[in-house]
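Remarks on the structure that follows.
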Amino acid sequence: MSQWSQVQQLEIKFLEQVDQFYDDNFPMEIRHLLAQWIESQDWEAASNNEAMAMILLQNLLIQVDEQLDRVSQEKNLLLIHNLKRIRKLLQGKYHGNPMHIAVIISNCLREERRILAAASMPVQGPLEKSLQNSVVSERQRNVEHKVSAIKNSAQMTDQDVKYLEDLQEEFDFRYKTIQSLEQNDKNSALIKQEMLALQAMLNTLDYKRKEVLGKIGRVIHEIDMLMSNMLTEELLDWKRRQQIACIGGPLHGGLDQLQNCFTLLAESLFQVRRQLEKLDELLTRLTYDGDPIPVQRPQLLEKVNFLLYNLFRNSFVVERQPCMPTHPQRPMVLKTLIQFTVKLRLLIKLPELNYQIRVKATIDNNRRFVLCGTHVKAMNMDESANGSLSVEFRHLQPKEMKSSAGSKGNEGPHMVTEELHSISFETQVCLYGLTINLETSSLPVVMISNVSQLPNAWASIIWYNLSTNDPQNLSFFNNPPAATLSQLLEVLSWQFSSYVGRGLNSEQLNMLAEKLTGQQVNYNDYQLSWAKFCKEHLPGKSFTFWVWLEAILDLIKKHILPLWIDGYVMGFVSKEKERILLKDKTPGTFLLRFSESNLGGITFTWVDQLENGDVTFHSVEPYNKGRLSALPFADILRDYKVIMADNVPENPLKYLYPDIPKDKAFGKHYSCQPSEVSKPSDGGGKGYVPSVFIPVSKILNDSTDPHSPSDLLPMSPSVYAVLREHLSPTVIETAVCCKLFHS
Numbered sequence: 001m002s003q004w005s006q007v008q009q010l011e012i013k014f015l016e017q018v019d020q021f022y023d024d025n026f027p028m029e030i031r032h033l034l035a036q037w038i039e040s041q042d043w044e045a046a047s048n049n050e051a052m053a054m055i056l057l058q059n060l061l062i063q064v065d066e067q068l069d070r071v072s073q074e075k076n077l078l079l080i081h082n083l084k085r086i087r088k089l090l091q092g093k094y095h096g097n098p099m100h101i102a103v104i105i106s107n108c109l110r111e112e113r114r115i116l117a118a119a120s121m122p123v124q125g126p127l128e129k130s131l132q133n134s135v136v137s138e139r140q141r142n143v144e145h146k147v148s149a150i151k152n153s154a155q156m157t158d159q160d161v162k163y164l165e166d167l168q169e170e171f172d173f174r175y176k177t178i179q180s181l182e183q184n185d186k187n188s189a190l191i192k193q194e195m196l197a198l199q200a201m202l203n204t205l206d207y208k209r210k211e212v213l214g215k216i217g218r219v220i221h222e223i224d225m226l227m228s229n230m231l232t233e234e235l236l237d238w239k240r241r242q243q244i245a246c247i248g249g250p251l252h253g254g255l256d257q258l259q260n261c262f263t264l265l266a267e268s269l270f271q272v273r274r275q276l277e278k279l280d281e282l283l284t285r286l287t288y289d290g291d292p293i294p295v296q297r298p299q300l301l302e303k304v305n306f307l308l309y310n311l312f313r314n315s316f317v318v319e320r321q322p323c324m325p326t327h328p329q330r331p332m333v334l335k336t337l338i339q340f341t342v343k344l345r346l347l348i349k350l351p352e353l354n355y356q357i358r359v360k361a362t363i364d365n366n367r368r369f370v371l372c373g374t375h376v377k378a379m380n381m382d383e384s385a386n387g388s389l390s391v392e393f394r395h396l397q398p399k400e401m402k403s404s405a406g407s408k409g410n411e412g413p414h415m416v417t418e419e420l421h422s423i424s425f426e427t428q429v430c431l432y433g434l435t436i437n438l439e440t441s442s443l444p445v446v447m448i449s450n451v452s453q454l455p456n457a458w459a460s461i462i463w464y465n466l467s468t469n470d471p472q473n474l475s476f477f478n479n480p481p482a483a484t485l486s487q488l489l490e491v492l493s494w495q496f497s498s499y500v501g502r503g504l505n506s507e508q509l510n511m512l513a514e515k516l517t518g519q520q521v522n523y524n525d526y527q528l529s530w531a532k533f534c535k536e537h538l539p540g541k542s543f544t545f546w547v548w549l550e551a552i553l554d555l556i557k558k559h560i561l562p563l564w565i566d567g568y569v570m571g572f573v574s575k576e577k578e579r580i581l582l583k584d585k586t587p588g589t590f591l592l593r594f595s596e597s598n599l600g601g602i603t604f605t606w607v608d609q610l611e612n613g614d615v616t617f618h619s620v621e622p623y624n625k626g627r628l629s630a631l632p633f634a635d636i637l638r639d640y641k642v643i644m645a646d647n648v649p650e651n652p653l654k655y656l657y658p659d660i661p662k663d664k665a666f667g668k669h670y671s672c673q674p675s676e677v678s679k680p681s682d683g684g685g686k687g688y689v690p691s692v693f694i695p696v697s698k699i700l701n702d703s704t705d706p707h708s709p710s711d712l713l714p715m716s717p718s719v720y721a722v723l724r725e726h727l728s729p730t731v732i733e734t735a736v737c738c739k740l741f742h743s
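Residues in the sequence shown are numbered consecutively from 1, following the UniProt record's numbering.
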């Protein structure tokens with residue numbers, strides 16, 4: 001079943017979440033019509049590879065054209081209209097930046113996987129629940145409402161300033177008219193009446209000046225309060241959501257809404273600034289005793305400039321954290337001399353700033369690393385599909401300085417992967433007489449010199465972003481805090497949902513919890529140390545918990561991904577629990593689990609019944625990536641044979657736990673049926689008698705060691721013909737030999 005088909009079967013509350021991230025950037029009609037094609041493309045790789053992204057965009061447009069041809073024949077006028085509009089939109093929006101559509105589709109697919117994983121969980125995890133707090137949503141709505149009200153107030157004040165200007169011009173004209181009269185004319189009753197009218201007008205001017213200054217002061221106060229409280233909290237929440245998304249959590253959104261709020265506030269402040277400049281202009285033309293403008297205007301202008309400085313400084317954010325194109329799901333882990341990408345955005349989107357802001361990238365100033373490549377670029381509105389003012393560095397690479405490289409021999413692997421660094425960015429904004437220096441930094445990154453350090457480096461990134469919302473605590477691992485087990489398990493499930501398309505259910509998480517703690521504990525109360533997670537070896541093993549789990553992720557990704565996504569791999573179940581599950585099942589019922597003693601290994605265990613009625617279990621020696629590279633795991637399950645005591649080969653695997661017929665579960669994943677074996681008369685190659693391998697193993701009932709793979713040699717056609725009497729006519733071209741343990 002395709003991922004999109006699974007999404008369509010979700011409950012309405014989950015479908016509403018899906019609906020939120022499909023818009024004109026990537027219309028849901030295209031996701032629906034091209035579901036299988038979209039899911040078969042590597043959008044994650046394309047999001048960091050411009051050439052690949054361009055090819056995928058062109059192929060996407062071709063797919064849309066093919067759908068247009070199909071619906072044209074069906075004369076579906078509405079769908080024809082929508083597809084033509086969508087094609088034009090995709091062509092225009094992404095032709096100059098194809099990587100953006102790759103990022104969008106990759107994020108949508110990833111978010112679908114996360115929602116599917118969440119739907120399979122009995123309860124929502126604590127981290128995700130905190131990110132979707134109803135109080136947060138209410139605050140977002142309040143911020144947008146208040147920003148809109150402030151904008152309206154600033155515009156209304158514009159009208160008041162215009163009225164004041166018109167009133168002052170009228171006063172100025174009438175006053176100068178009287179001043180131009182002869183002295184005798186000034187003593188007339190009519191002129192005296194006009195003077196009284198001018199005095200009344202001056203009183204009105206004074207009142208209106210005070211009123212305008214009061215309104216400006218209230219607008220400034222409203223902006224100040226909004227920036228100090230709700231807007232700051234919104235920005236901090238977005239940054240926290242970004243942290244969580246970087247380690248596999250829910251897709252973080254809301255930056256466009258924040259940009260709208262920041263931009264409207266900046267426009268309002270510049271509007272207020274112009275109003276104060278107009279008042280200064282009116283002051284030069286008319287002042288009087290008790291004039292409020294010279295008293296209040298300097299203070300208000302100082303406050304406006306202060307707010308603009310703070311607004312700009314907070315608006316300079318890292319939109320997409322540093323990430324190597326070769327490892328798109330492992331952001332913030334950077335390998336020396338390998339390029340990485342990072343994207344910044346200024347949330348104040350003003351046309352006057354397009355191509356006017358040059359951003360410089362540097363690495364933290366410990367002088368151990370330097371950045372090579374283009375590290376100065378101008379922000380612009382042309383590269384982003386949504387027209388945001390942003391800049392993306394695509395060709396930066398960290399280089400270790402020779403002086404420090406010589407000391408690497410004294411560093412252990414954990415010291416390397418626990419050392420945090422920061423990529424810093426600085427720029428300067430010059431606008432309307434203001435000069436504002438801006439600085440921001442990435443979340444802490446881990447530098448590695450060898451890809452073998454990647455798993456532990458990624459563990460450091462997970463632990464940091466799970467444990468703290470401090471964006472710049474580079475000494476974090478000097479004394480790393482413990483993590484709540486419930487939150488850690490939630491993040492571990494995200495590793496599976498984001499990396500291999502299916503998260504972990506409560507039973508699987510229970511097994512991991514026992515693996516981490518050695519006992520059954522209360523998730524919410526138990527605090528797990530960093531050492532327990534990543535540094536201390538598991539009891540009786542030569543590896544840590546994290547290395548074991550990372551090897552399983554790699555195994556799933558490269559060798560059993562379709563089976564995992566379909567939910568047919570129980571995976572995380574202990575040997576004791578395995579036997580409890582199987583003991584009452586029909587003989588031949590089996591389940592798949594990950595090896596606890598072999599890194600990156602998967603095994604299967606089936607239940608059997610002896611002649612006396614006793615239940616027995618058989619577990620095959622774990623398959624690792626080397627053996628799975630030779631033969632697909634589904635084919636192994638299909639063709640697996642054992643020789644029992646009577647030397648009759650048979651496939652013992654009948655039902656996938658709990659009672660799913662094996663072929664029903666795995667049939668669609670079988671490779672094409674092997675061809676029939678060649679007969680001896682066929683001659684073989686270069687005069688040799690043809691031979692084949694078949695996966696036949698023997699269950700031993702005595703103390704003799706099980707046969708090793710070297711015991712199984714190629715069979716001659718005559719021997720194979722005897723076995724053919726008891727086997728299906730299929731032929732296995734590659735043998736995977738297994739040891740069996742009898743209990």
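A virtual CB, placed ideally from N, CA and C, is assigned to each residue, including glycine.
Considering residue i, what are the terminal residues of the beta strand (DSSP E) in which it resides?
i    : result
H395 : L389 to E400
I636 : Careful: I636 lies outside any beta strand (DSSP E), inside the alpha helix (DSSP H) at F633 to D639.
S619 : V615 to V620
T341 : F340 to L346
Q321 : F316 to C323
Evaluate residue i with the Cβ neighbour count: other Cβ atoms within 10 Å of its Cβ, from every protein chain shown; 16 or more gives buried, anything less gives exposed.
i    : result
P658 : exposed
N465 : buried
L235 : buried
H559 : buried
L434 : exposed
H395 : exposed
D237 : buried
P444 : buried
D639 : buried
E74  : exposed
L196 : exposed
Between residue i and residue j, what straight-line distance do the alpha-carbon atoms span, to the nearest angstrom?
i    : j    : result
Q6   : C108 : 14 Å
P709 : R70  : Confidence in P709 is poor, its pLDDT being 35 and thus under 50, which makes the residue's placement unreliable; the coordinate value appears in the next sentence. Their Cα atoms are separated by approximately 54 Å.
V143 : N49  : 37 Å
I216 : Y432 : 19 Å
D635 : G667 : 9 Å
G387 : S595 : 50 Å
S188 : S180 : 14 Å
R368 : N354 : 35 Å
W4   : E11  : 14 Å
Q20  : K515 : 37 Å
V147 : C261 : 6 Å
F173 : G290 : 22 Å
N479 : I38  : 45 Å
R141 : G254 : 11 Å
K13  : D256 : 24 Å
L15  : L538 : 41 Å
L591 : N380 : 55 Å
F545 : E621 : 21 Å
If residue i sits next to residue j, beta carbons under 8 Å apart, how far is it from one beta carbon to the other, in whole angstroms?
i    : j    : result
S497 : A483 : That pair is no contact at about 19 Å.
A459 : F340 : At roughly 19 Å, the Cβ-Cβ gap does not stay under 8 Å, so A459 and F340 are not in contact.
R313 : L438 : 6 Å
T263 : I348 : 5 Å
E211 : D160 : 7 Å
Strictly by DSSP, which residues pair up with residue i?
i    : result
M447 : L334
K360 : V376 and E426
W606 : F590 and H618
G571 : R593
F477 : Per DSSP, none; premise fails for F477.
P661 : Y655
Between which two residues does the alpha helix (DSSP H) holding residue i run?
i    : result
N82  : L77 to Y94
Q242 : T232 to C246
Q508 : S506 to T517
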